[in-house]
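Residue numbers for the sequence shown, in the numbering used here: -14 to 183.
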Amino acid sequence: MSFTLPDLPYAHDALQPYLSRETMEYHHDKHHKAYVDNGNKLLEGTDLAGKSLEEIVKASYGTNPALFNNAGQHYNHLHFWNWMKPNGGGPIPGELEKKIIEDLGSVEKAKEDFIQAGISQFGSGWAWLAVKNGKIVVLKTPNGESPLIQDATPILGVDVWEHSYYIDYRNRRPDYLKAFVDNLVNWEYVAELFSKAS
-14 MSFTLPDLPY AHDALQPYLS RETMEYHHDK HHKAYVDNGN KLLEGTDLAG KSLEEIVKAS
46 YGTNPALFNN AGQHYNHLHF WNWMKPNGGG PIPGELEKKI IEDLGSVEKA KEDFIQAGIS
106 QFGSGWAWLA VKNGKIVVLK TPNGESPLIQ DATPILGVDV WEHSYYIDYR NRRPDYLKAF
166 VDNLVNWEYV AELFSKAS
């Protein structure tokens, strides 16, 4: 399977004022496109060429770092665009909310822990809600890694590479993360991934 860059599920300026058109143009049109283009070159002629993206990510981890980095980031970003929507944040669908409270203590605590994971991820990486062994957990990973390689299924992720927020927030990563959680998260998409993972 070759990688393709999807269109954004909304206009480039639809997430303003939290993420600018300029950020989305660079992040989607340049950075994600580079992962797709480089990933396709690196995939060519390997025995992974016919596999699904998830299989490629898992199989290239630790064996083909260059392919892993690009395939991993392609996987992360495919979801990232859908993890956000205009007028996001807001109430969490019932079943998911119940499970978050059960596994993480409360919705507020889950949001705080998720933001803290993003703040404390040194350098580039991601913060996550993932399903592992039937429980929702908060994780963080460096660079292009995701919970996939920890035998967990990501249901929400936020990109904390500088290219995802620096134009709009400069060095204020905590403000970006708070804006993401309060105003951008597409909880319906998170709930959909949660029900598939359960």
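In this text, a Cβ means the ideal position worked out from N, Cα and C, and glycines have one as well.
Cβ pair count under 8 angstroms reaching 3, the stretch 57 to 71 against the stretch 126 to 144 = Under the three-pair Cβ rule at 8 angstroms, the stretch 57 to 71 counts as touching the stretch 126 to 144.
Which residue from P(-9), D(-2), L4 puts its Cα closest to that of K163?
-> For the residues P(-9), D(-2), L4, the minimum Cα distance to K163 belongs to L4.
Please confirm whether G73 and N171 have their CB atoms less than 8 angstroms apart.
-> With respect to the 8 angstroms criterion, G73 and N171 are classified as neighbours on the basis of their beta carbons.
For S131, count neighbouring C-beta atoms within 10 Å of its own C-beta (all shown protein chains included) and say buried if the count is 16 or more, exposed if not.
-> By the neighbour-count rule (16 or more Cβ atoms within 10 Å), S131 is buried.
Please name the residue in E29, N118, K94 whose C-alpha comes closest to that of A56.
-> For the residues E29, N118, K94, the minimum Cα distance to A56 belongs to E29.
Buried versus exposed call for F53 [16 or more other C-beta atoms within 10 Å across all chains shown] | The residue in question, F53, is buried, as its Cβ has 16 or more Cβ neighbours within 10 Å.
Where DSSP assigns a beta bridge to V122, which residues make up the other side?
-> Note: V122 sits in a beta bridge opposite A115.
Under a Cβ-count criterion, where at least 16 other Cβ atoms within 10 Å of its own Cβ denotes burial, should K43 be classed as buried or exposed?
-> The residue in question, K43, is buried, as its Cβ has 16 or more Cβ neighbours within 10 Å.
Nearest CA to the CA of G47: which residue from S(-13), D(-2), Q1, G129?
-> Ranking S(-13), D(-2), Q1, G129 by Cα distance to G47 puts G129 first.
Smallest Cα separation from M69: which of A182, F179, V175, K181?
-> V175 is the residue among A182, F179, V175, K181 whose C-alpha sits nearest the C-alpha of M69.
Mind checking D32: buried by the 16 CB within 10 Å criterion, or exposed?
-> Exposed is the call here.
Which of helix, strand or coil does DSSP assign to D22?
-> In the structure shown, D22 sits in a helix (DSSP, three-state: H, G or I).
Member of E147, G110, L89 whose CA lies at the smallest distance from the CA of V122 | Restricting attention to E147, G110, L89, the CA atom closest to the CA of V122 is found in L89.
CB contact flag (A95, K125, <8 angstroms) = With respect to the 8 angstroms criterion, A95 and K125 are not classified as neighbours on the basis of their beta carbons.
Where G188 falls, given that 16 or more other Cβ within 10 Å makes a residue buried = Nothing about residue 188 can be read from this structure; the chain reaches only from -14 to 183.
Coarse secondary structure for L141, derived from DSSP in three states | Assigned with DSSP and collapsed to three states, L141 falls in strand.
Looking at P71 and L(-7), is the spacing between their C-beta atoms short of 8 angstroms?
-> Going by C-beta atoms, L(-7) is not nearer than 8 angstroms to P71.
Between which two residues does the alpha helix (DSSP H) containing K15 stretch?
-> K15: not part of any alpha helix (DSSP H); DSSP gives it neither H nor E.
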